[in-house]
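Residue numbers (this note's numbering), protein chains in the order written: chain X, 32 to 147; chain Y, 43 to 152.
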């Protein structure tokens with residue numbers, strides 16, 4: 032069965048360290064997304080990609096970067112981790128093109144990141 | 043003002059009862075609407091799309107009111123397993139992205 036996985040599931044790191052969160056999907060979807068979820072804010076889009084070598088900034092992209100070298104993977108890098116980046120991070124993927132009311136994003140299980 | 047707003051709840055619902063809640067959106071150009079369900083510490087999953095004419099999926103009914111810019115979700119005959127956070131999601135072509143509300147928490151109790 033196709034799936035979307037994230038690793039690690041839990042991570043504790045120190046302020047200033049570089050951290051990379053992995054996202055891997057076997058749906059063969061062109062679209063991939065990274066969100067963070069915090070109490071009071073819901074899910075907020077960090078970066079997204081519509082295909083290999085395509086990356087775009089979302090609403091909360093400062094301090095994060097992504098690269099897309101193949102269809103299956105979209106790693107998220109925190110260049111210099113800050114305590115404000117303590118959050119739960121979800122990766123998602125979807126088919127393209129946009130399918131209106133039939134559109135669905137499939138989410139990974141999430142990574143809980145703590146920056147101390 | 044947030045683009046998509048929801049009452050965070052919790053809505054405490056006796057088992058078997060009906061519960062309904064709304065979500066308001068600020069951008070009149072929004073095109074498509076969805077309800078996602080999220081269990082505690084788990085990933086969101088699509089519950090149902092919201093069609094312009096309203097739609098049902100078993101015990102769940104979704105409605106869209108474009109004039110007043112809100113969507114609603116009604117759950118009939120609530121089950122303990124319906125306890126979750128329900129996320130309102132809006133899509134608009136400009137930007138080609140989904141915008142999520144903060145979620146409404148529902149607790150169904152015996």
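Even glycine gets a Cβ: it sits at the ideal position worked out from N, Cα and C.
The structure displayed is predicted, hence computed values, not measured ones.
{"Asked": "Examine chain Y for any beta-carbon lying closer than 8 Å to the beta-carbon of residue 49 of chain X, and answer yes or no.", "Found": "no"}
{"Asked": "Count the other CB atoms, across all protein chains shown, that sit within 10 Å of the CB of residue 41 of chain X; report buried if there are 16 or more and exposed otherwise.", "Found": "exposed"}
{"Asked": "Name the one or two DSSP bridge partners that residue 104 of chain X has.", "Found": "X:55"}
{"Asked": "Can you tell me whether residue 46 of chain X is buried or exposed, with buried defined as 16 or more other CB within 10 angstroms of its CB?", "Found": "exposed"}
{"Asked": "May I ask which residues mark the beginning and end of the beta strand (DSSP E) holding residue 73 of chain X?", "Found": "73-82"}
{"Asked": "Please tell me whether residue 77 of chain Y and residue 92 of chain Y are closer than 8 Å, where the distance is taken between their beta carbons.", "Found": "yes"}
{"Asked": "Using a Cβ cut-off of 8 Å (strictly closer), state whether residue 145 of chain Y contacts chain X.", "Found": "yes"}
{"Asked": "Contact between the segment 48-68 of chain Y and the segment 83-90 of chain X: three or more CB pairs below 8 Å?", "Found": "no"}
{"Asked": "If I follow the unbroken beta strand (DSSP E) through residue 104 of chain Y, where does it start and stop?", "Found": "102-107"}
{"Asked": "Using alpha carbons as the reference points, say which of Y:108, Y:88, Y:109 lies closest to residue 99 of chain Y.", "Found": "Y:88"}
{"Asked": "What residues from chain X crowd round residue 114 of chain Y, counting only those whose CB sits closer than 7 Å?", "Found": "Here the premise fails: no neighbours, minimum Cβ distance about 16 Å."}
{"Asked": "To the nearest whole angstrom, what separates the beta carbons of residue 67 of chain Y and residue 134 of chain X, a pair I think is in contact under 8 Å?", "Found": "Incorrect: roughly 16 Å between the Cβ atoms, too far for contact."}
{"Asked": "Report yes or no: is there a C-beta of chain Y within less than 8 Å of the C-beta of residue 126 of chain X?", "Found": "no"}
{"Asked": "Against residue 140 of chain Y, what residues of chain X qualify as contacts under a CB-to-CB distance less than 7 Å, listed in chain order?", "Found": "136"}
{"Asked": "Starting from residue 69 of chain X, trace the beta strand (DSSP E) both ways and give me its first and last residue.", "Found": "62-69"}
{"Asked": "So, does the segment 118-129 of chain Y touch the segment 45-62 of chain X, judging by three or more C-beta pairs under 8 Å?", "Found": "no"}
{"Asked": "With H, G and I counted as helix, E and B as strand and the rest as coil, what does DSSP make of residue 48 of chain Y?", "Found": "strand"}
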